[in-house]
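Protein chains in written order, with the numbering used here: chain A, 3 to 252; chain B, -18 to 366. The C-beta atom is built at its ideal place from N, Cα and C for all residues, glycine as well. Treat the numbers as computed from the prediction; the structure is a model and nothing was measured. Okay, structure first, notes after.
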């Protein structure tokens, strides 16, 4: 479903080049939920933005549902939904419904399809009471629900979540986790980055660990537990980082 | 798709109190203040009443001349200068102690006028008194020459006649500077919040990323946002022109006399609206660039402020140029051509060649700015923080 092949991304910072991704390669199968782990600055967001067609890789290719993200960007965009955590990307002066209707229009949904999707999503997230209120006055949890609904408005096959529970209270985080379970049952392919290991071990089939722009591990969670001799993902992640740092030091 | 995005952007913009305030209220307030200021400035003082301090023993003949002006009241004072300093009068006229006798004896007498050049009222009164003294002086010269058997016309060998090339009211020039300046400022200030919000603001709020992830072409997004900024600017421009036209017509006398378009009124107003729209489109292109370059609304606004200041220069350049001296470059340089064309329109001149040059030059610049904007908007660096 998603093929990331030898992706390198360099940014120009004044006269110097900063390498955010170094030859990253892995693939995600249809219906899989992959957790993307890494410290701040490890390259998780850059990788998700590259998959989402927002960034162009300096080297390598990304294929989503058989479409190249550079050559067939629009085909990829139609099949993908992205939510960057902590940044809900909503228009404060529009109501929740107007926000959803606007994005539905941008994805080319008809009026009838839009109405059905908004009804379904507002029922799923319990947003009916505030659907016609302006987003500017919403709490963080309410905003996050509308943002997730916006991400799912065009019923994408692939969903990318970048630290989706950042800043959310326990109730809202639980709502999100239930949503991921629901999406998994619906056969959606999901990649989400997170700092919360408990969340990753609960929701994911496999993990991809990143460190300083490199992929240090990608594989099945059960295999990882077996090979590391522990079911403590936090411990495994830290030991991978230590090994990574030793590798850089040597 | 373009229409859907445009309609949403317009809805979003006009729900912003800042945009509403700067688009509707600002032109009304600015134009009202400036219209009344200029009306007062160009008024010849008719209808105003003045107080002039004079000596207690004032020359009767001179007093008769001065009081022939119904709006001047003479205030007799032992010390006219002090009365003026106390603010009880607007000017003081001090005559020699033996003024009347000196004149009768055919000798030179001294008259001192004290006024305050910083006060419009005082300046007006000084001018009236000077004119009255001039009339009085001429009558004395005439009497003295007749007494000596000489024809008084001998001291006026030349009769100077001054004529203007047009019969246009001289105050029209003031309006020709006022209207474009206010229009340029109003359009710039009115469309600036929308421009900052639509690019830099969207980057700051991360809605830009959400937009870029939709399968909509970046050029469509760019064009619809530019169209929104241009619409807000045009609305501000039209409101400004409407307010100035209504206020000059209904609330002023001198400014109303200065602009009379006769049968061409409808065409001139329509052309002024067209010029305002063209200028709003040009400003939108500039503000679009400053907003793309800014990472935050604040940064974008600090780029756009100097751009808006550009509108000040044509006023300075064109204030000393006569209407018949306007040439090709005045209509070919954007911003300058707004001022030049509106100057012509205020003087009642409709020159279609100048209108075409103005629209064409703005169009060329807009296309160039749009190309630069598109190049920037296609690069990751300028669309994401």
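Backbone CA spacing between residue i and residue j [nearest angstrom]
| i | j | result |
| --- | --- | --- |
| residue 104/A | residue 183/B | 15 angstroms |
| residue 203/A | residue 162/A | 17 angstroms |
| residue 177/B | residue 94/A | 16 angstroms |
| residue -13/B | residue -4/B | 14 angstroms |
| residue 53/A | residue 354/B | 26 angstroms |
| residue 205/B | residue 14/B | 35 angstroms |
| residue 352/B | residue 228/A | 57 angstroms |
| residue 315/B | residue 255/B | 15 angstroms |
| residue 288/B | residue 192/B | 28 angstroms |
| residue 395/B | residue 236/B | Summary: the structure shown does not reach residue 395/B, with chain B confined to residues -18 through 366, and so no result is reported for it. |
| residue 131/A | residue 144/A | 11 angstroms |
| residue -2/B | residue 143/B | 54 angstroms |
| residue 17/B | residue 309/B | 34 angstroms |
| residue 149/A | residue 84/A | 10 angstroms |
| residue 241/A | residue 75/A | 38 angstroms |
| residue 311/B | residue 16/A | 41 angstroms |
| residue 49/A | residue 220/A | 14 angstroms |
| residue 192/A | residue 6/A | 14 angstroms |
| residue 147/A | residue 86/A | 13 angstroms |
| residue 198/B | residue 110/A | 13 angstroms |
| residue 42/B | residue 126/B | 19 angstroms |
| residue 73/A | residue 259/B | 38 angstroms |
| residue 50/B | residue 123/B | 22 angstroms |
| residue -10/B | residue 36/A | 36 angstroms |
| residue 47/B | residue 159/B | 36 angstroms |
| residue 434/B | residue 170/B | There is simply no residue 434/B to check, as chain B begins at -18 and stops at 366 in what is shown. |
| residue 366/B | residue 348/B | 26 angstroms |
| residue 45/A | residue 213/A | 8 angstroms |
Partner residues on chain A for residue i, Cβ-Cβ distance less than 8 angstroms
| i | result |
| --- | --- |
| residue 225/B | Per Cβ cutoff of 8 angstroms: no residues; residue 225/B is ~30 angstroms from chain A at best. |
| residue 188/B | 91, 92, 93 |
| residue 361/B | 56, 57, 58 |
Interface partners of residue i on chain B, CB under 7 angstroms
| i | result |
| --- | --- |
| residue 80/A | 196 |
| residue 123/A | Simply none; closest approach about 16 angstroms. |
| residue 76/A | 196 |
Chain A residues whose Cβ lies nearer than 7 angstroms to that of residue i
| i | result |
| --- | --- |
| residue -4/B | 95 |
| residue 193/B | 56 |
| residue 365/B | 56 |
| residue -7/B | 93, 95, 96 |
| residue -11/B | 104 |
| residue -15/B | 107 |
Beta-carbon proximity list for residue i, same chain, < 6 angstroms, skipping 5 on both sides
| i | result |
| --- | --- |
| residue 21/A | 12, 215 |
| residue 167/A | 175, 178 |
| residue 54/B | 32 |
| residue 106/A | 116, 155 |
| residue 207/A | 34, 35 |
Supposed close pair residue i, residue j - CB separation, criterion 8 angstroms
| i | j | result |
| --- | --- | --- |
| residue 294/B | residue 343/B | In fact, because the Cβ distance is near 17 angstroms, the residues do not count as touching under 8 angstroms. |
| residue 3/B | residue 174/B | 6 angstroms |
| residue 60/B | residue 29/B | That pair is no contact at about 25 angstroms. |
| residue 361/B | residue 10/A | About 15 angstroms; that fails the 8 angstroms criterion. |
| residue 228/B | residue 11/B | Not a contact, Cβ separation roughly 11 angstroms. |
| residue 445/B | residue 65/B | Residue 445/B lies beyond the stretch modelled for chain B, which goes from -18 to 366, so this question has no answer here. |
| residue 222/B | residue 350/B | About 24 angstroms separates the two Cβ atoms, so there is no contact after all. |
Cβ-based neighbour list, residue i, same chain, cut-off 7 angstroms, excluding 5 preceding and 5 following
| i | result |
| --- | --- |
| residue 320/B | 161, 295, 296, 299 |
| residue 239/A | 39, 199, 211 |
| residue 24/A | 10, 215, 216 |
| residue 208/B | -13 |
| residue 171/A | 143 |
| residue 156/B | 236, 239, 240, 327 |
| residue 336/B | 252, 322 |
| residue 235/A | 199, 202, 203 |
| residue 81/B | 40 |
Contact set between residue i and chain A, taken where Cβ atoms lie within less than 9 angstroms
| i | result |
| --- | --- |
| residue 237/B | None at all; the shortest Cβ gap to chain A is about 41 angstroms. |
| residue 206/B | The contacting residues do not exist; residue 206/B stays about 13 angstroms from chain A at best. |
Cut-off 8 angstroms between Cβ atoms - residues of its own chain near residue i, not counting five sequence neighbours on either side
| i | result |
| --- | --- |
| residue 37/B | 57, 58, 59 |
| residue 247/B | none |
| residue 243/B | 329 |
| residue 27/A | 6, 7, 8, 9, 62, 217 |
| residue 190/A | 33, 158, 159, 160, 161 |
| residue 129/A | 98, 123, 144, 147, 148, 151 |
| residue 414/B | Given a span of -18 to 366 for chain B in the structure shown, any question on residue 414/B remains unanswerable. |
Partners in chain B for residue i, counting only beta-carbon separations shorter than 8 angstroms
| i | result |
| --- | --- |
| residue 151/A | Simply none; closest approach about 12 angstroms. |
Check: residue i C-beta below 8 angstroms from any heavy atom of the ligand MN
| i | result |
| --- | --- |
| residue 169/B | Summarising the ligand content, the structure contains no ligands, and the ligand MN is consequently not present. |
Chain B contacts made by the stretch 17 to 42 of chain A, where a contact means CB separation under 7 angstroms: none
Check distances from the C-beta atoms of the stretch 264 to 285 of chain B to those of chain A and list, in chain order, the residues that come in under 8 angstroms. none
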